[in-house]
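Residue numbers (the numbering used here): 2 to 607.
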């Protein structure tokens, strides 16, 4: 099947736009590969420090004859998705020895849980933790002791941060090693129902906690299709996983064997062999477009409208929201996973999962087949499912038909003809909206605004009955330069209640919404942000605003002369506490959401 013409046109547009920056990046990869810091170039003192504590692996590392793999791990045992990584380093070292290689933990990086910090002050550190993780990854790899890297991370900012850091060492091959989702617990729809009852005062805190604990109940990734599981989809559809790795539960034999396969495969794609696959060449313009297509076809997290441009920039590639918008128009939505449906990722995997999705998209010309992956020479390897035969993995073709068409459908019979993400533009700036979980009758909302500068004030107004009407809730001064661009998922239950009462409700913000956001229309990531004098800073209570996902328009309906003359609202005072003051540098130097909201990339000129 030939490529869809829009897919081809968008890819060519990205290639042309990125010509200079991509060339500069590939020159860096070549230069670092030839003249960068490597074990053979280390002094005796450097090298001795590097293998001093390596035990039985010391002779092999000292000789330089075998690949030494860097393990960069985001392990902590507070975050359920990353708790399974505790024993991975010791297992990886064993798996590496099986193929004559060695492995060392090059470094650990932080892993925030947005579920723990959601609605709390710690969420203001969340987005910028991605840059911190990227820096931590580069620090680990900068020792020059390694010929390849295994990146252990799953959740929201962790995978993008690991990739951004590893891409600065793009001459090294790298494989992402997931740990898998927790088994299914309380259905996400039921959890949502209890949250809304609590917001209305019809459920107690004990009842709410019981529902939350029954949903988030064990080790592994949360089972809804938020940013973490969207990460795993993207790594798979970019060819950076061992095929079929994304959604195998922790603690299973298959999970362990996929980790073993990743270690063995990394040893096979190093520079010293005949199948060299450096990360900087695996992630190219086509791989980035594949990630965007996967996000749209599966109804993935809006957070990746920020993360994917940042990852791309680290590889010299420039992608913008107009590219997502164009791709969304031709990408069918083929899954229904919460919050776009009732199923979780375990149900999705059982129905045929990513192997089915990838096969369908390839056959429809909606995915680049010809990309360099860590597993082979094209994406066909990822249209297969892994299973154990004895102690060995065998990959077989994806099922010819979905095992559950309420969850997973073919391209020929999708849930929707488009991918459900739109670019909004108008006199209020540029914003994004996810429509895949929104009822079609709510794709246009025109209503007076109620303006807030603190998400906690929204709940106070809701409890006081002040929002019981058609309303667009504006929460401004939430952008990266204001307070670090926290997610505002805490608002979802209250807005859901208002919508269920029959009101026309929407959110407009320069902040983010969680990857678990769903049925309430939300124009998010708006920029220029209010802190920078963006249009949201001019809005006043009662202004009539129109958000239209059908036309892609975001407008305040006010006389143009009056609008131009209106003064900006006062910027709220920045407060210290919860370590937020230490992130002032990142806030002050960050660029906009569409560019990736990164002070690090901005100041590096990338």
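Using N, Cα and C, we set each Cβ at its ideal position, and we do this for glycine too.
Secondary structure of residue 558 (DSSP, three-state): coil. DSSP places residue 257 inside the alpha helix (DSSP H), whose first and last residues are 254-269. The Cβ atoms of residue 168 and residue 269 lie no closer than 8 Å to each other. For residue 526, there is no enclosing alpha helix (DSSP H); the residue is found in the beta strand (DSSP E) stretching over 523-528. In the three-state DSSP reduction, residue 70 falls in the strand class (E or B). For residue 400, the CB contacts under 7 Å within the same chain, skipping 5 residues up- and downstream, are 353, 357 in chain order. Looking at the DSSP output, residue 182 shares a beta bridge with 222.
In this structure, the straight-line span from the alpha carbon of residue 118 to that of residue 98 is close to 40 Å. Remark: C-beta atoms of residue 121 and residue 494 do not approach each other more closely than 8 Å. DSSP, read as helix, strand or coil, puts residue 387 in strand. With 16 or more other CB atoms across the displayed protein chains lying within 10 angstroms of its CB, residue 40 is buried. Following the DSSP letters along the chain, one finds residue 100 in no beta strand (DSSP E), marked with neither H nor E.
The beta carbon of residue 567 sits closer than 7 Å to those of 539, all from its chain and outside the five residues before and after it, given in chain order. Collapsing the DSSP output to three states places residue 422 in a strand.
Annotation for residue 60: no beta strand (DSSP E) segment contains it, though the alpha helix (DSSP H) segment containing it runs 59-64.
In the DSSP assignment, residue 21 falls within the alpha helix (DSSP H) that extends over 20-36. Assignment of beta-bridge partners to residue 396 by DSSP yields 387. For residue 402, there is no enclosing alpha helix (DSSP H), as DSSP marks it with neither H nor E.
When beta bridges are read from the DSSP output, residue 449 appears opposite 545. With respect to residue 131, residue 111 sits apart: the two C-beta atoms are not nearer than 8 Å.
Ranked by how close their Cα comes to the Cα of residue 116, the residues 81, 105, 93, 87 have 81 in first place. Looking at the backbone, the Cα of residue 378 and that of residue 25 are separated by about 24 Å.
Separation of residue 559 and residue 177 (C-alpha to C-alpha, rounded to the nearest whole angstrom) is 50 Å. Residue 189 holds the alpha-carbon nearest to the alpha-carbon of residue 214 among 236, 227, 189, 17. Only exposed fits residue 576, as fewer than 16 other CB atoms lie within 10 angstroms of its CB. Under DSSP, no beta-bridge partner is assigned to residue 346. In this structure, residue 123 and residue 579 form a Cβ contact; the two beta carbons are roughly 6 Å apart against a cut-off of 8 Å.
Within the DSSP bridge table, the entry for residue 550 names no partner.
Annotated as distal: residue 473 and residue 429, with beta-carbon spacing of 8 Å or more. Residue 488 is bridged by DSSP to 513.
Two segments are said to touch when three or more pairs of C-beta atoms, one from each, lie closer than 8 Å; by this definition the stretch 196-211 does not touch the stretch 67-79. Remark: fewer than three beta-carbon pairs, one from each stretch, lie closer than 8 Å, so the stretch 132-139 and the stretch 280-293 are not flagged as touching. Annotation: residue 603 to residue 391 spans about 51 Å, alpha carbon to alpha carbon. By the CB criterion at 8 Å, residue 295 and residue 338 fall outside the cutoff. 595 is the residue among 595, 74, 199, 417 whose C-alpha sits nearest the C-alpha of residue 320. In this structure, the alpha-carbon of residue 156 lies about 44 Å from that of residue 561.
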